[in-house]
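Right, one structure below, let's go through it.
Given below as structure tokens:
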């Protein structure tokens, strides 16, 4: 996780102050020696993953010109 | 966290790619077929437009050769075949690099923190986070070095959410009033700094 990402500041502050955070998660966030454990947690949820990785969303798909035409088989791959 | 009033110090950036795939196979009973997709990327803080374009190049170059397709990547590079079975064109619009990072250590961030505590209560914890996917702050990049994005109202007021940018977008009246109170306090604080 990139050090410049302010989401890291948010997580650390939450770990210091939040009353309802599970102890395990709290220690994973505050333990700066094992970043992979924290990344593992963050990648479980699509919402938090989007804050540490570039997202990809296929928003619009269009295809075909008219009904009776055959789709070439390569389109079905 | 009792309040989701965290300010966003950094944004991810929208980058839209359009991939068009055109086939001109000489099949009887078949018209030339085309298809296209619009792909929306929000770039992570450490990424770049070049990195995203590179990703598509790695993904598609060999595939285009194997399938005897012409490949045109963002008007810059292309792979061509002598008698292509079709053409794949990638273009992009709304290109925007990730924005500069604002600092929570800057004194101006304290103006936000003290205003938030004044409106929402001294017990409130203020923390920066990342706002993914906004586009308009690019117009401020040349104007100031510290750009904070903030929605000063409590999400807990309406557990259904705001349905932002879609049908039935909503804002609880109490949330609207909180924002008015916040901006009143904040603008007065900034004005006092100028005096």
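Residue numbers (my numbering), protein chains in the order written: chain G, 7 to 83; chain C, 24 to 218. Backbone N, C-alpha and C fix where the C-beta goes; we use that ideal spot for every residue, glycine too.
Beta-bridge pairing of residue i - partner residues as DSSP gives them
i                      : result
residue 173 of chain C : DSSP, once it has assigned bridges, lists no residue as partnering residue 173 of chain C.
residue 125 of chain C : Looking at the DSSP assignment, residue 125 of chain C forms no beta bridge with any residue, so it has no partner.
residue 63 of chain G  : C/63
residue 69 of chain G  : C/58
residue 102 of chain C : C/94
residue 146 of chain C : Bridge partners of residue 146 of chain C: none, in fact.
Inter-residue CB distance, residue i and residue j (contact presumed, cutoff 8 Å)
i                      : j                      : result
residue 257 of chain C : residue 153 of chain C : In the structure as shown, chain C starts at 24 and stops at 218, and residue 257 of chain C therefore has no counterpart that could be examined.
residue 124 of chain C : residue 136 of chain C : Not a contact, Cβ separation roughly 18 Å.
residue 92 of chain C  : residue 109 of chain C : 5 Å
residue 32 of chain G  : residue 43 of chain G  : No, residue 32 of chain G and residue 43 of chain G are not in contact; Cβ-Cβ is about 12 Å, not under 8 Å.
Residue i at chain C interface by Cβ criterion, 7 Å
i                     : result
residue 41 of chain G : no
residue 57 of chain G : yes
residue 65 of chain G : yes
residue 28 of chain G : no
residue 50 of chain G : no
heavy atom of the ligand ZN below 6 Å from residue i C-beta
i                      : result
residue 141 of chain C : Questions concerning the ligand ZN fall outside what the structure shown contains, since it holds no ligand whatsoever.
Chain G contact for residue i (CB, 7 Å cutoff)
i                      : result
residue 64 of chain C  : yes
residue 166 of chain C : no
residue 69 of chain C  : yes
residue 148 of chain C : yes
residue 30 of chain C  : Note that residue 30 of chain C scores a pLDDT of 25, beneath 50, so its modelled location is shaky and nothing firm can be said.
residue 124 of chain C : yes
residue 101 of chain C : no
residue 94 of chain C  : no
Beta-carbon spacing of residue i, residue j below 7 Å
i                      : j                      : result
residue 208 of chain C : residue 142 of chain C : yes
residue 68 of chain C  : residue 10 of chain G  : yes
residue 94 of chain C  : residue 111 of chain C : yes
residue 66 of chain G  : residue 102 of chain C : no
residue 12 of chain G  : residue 195 of chain C : no
Of the residues the options, the one placed nearest residue i, counting alpha carbons only
i                      : options                       : result
residue 9 of chain C   : C/182, C/57, C/116 and C/94   : The first residue shown for chain C is 24 and the last is 218, placing residue 9 of chain C beyond what the model contains.
residue 200 of chain C : C/132, C/176 and C/166        : C/176
residue 213 of chain C : C/95, C/56, C/131 and C/81    : C/131
residue 168 of chain C : C/99, C/126 and C/61          : C/126
residue 165 of chain C : C/122, C/104, C/195 and C/185 : C/122
residue 128 of chain C : C/95, C/170, C/161 and C/100  : C/170
residue 36 of chain G  : G/15, G/61 and G/49           : G/15
residue 179 of chain C : C/210, C/158, C/197 and C/85  : C/197
Cβ of residue i within 7 Å of any chain D Cβ
i                      : result
residue 139 of chain C : Annotation note: the requested chain D is absent from the structure, which comprises protein chains G and C.
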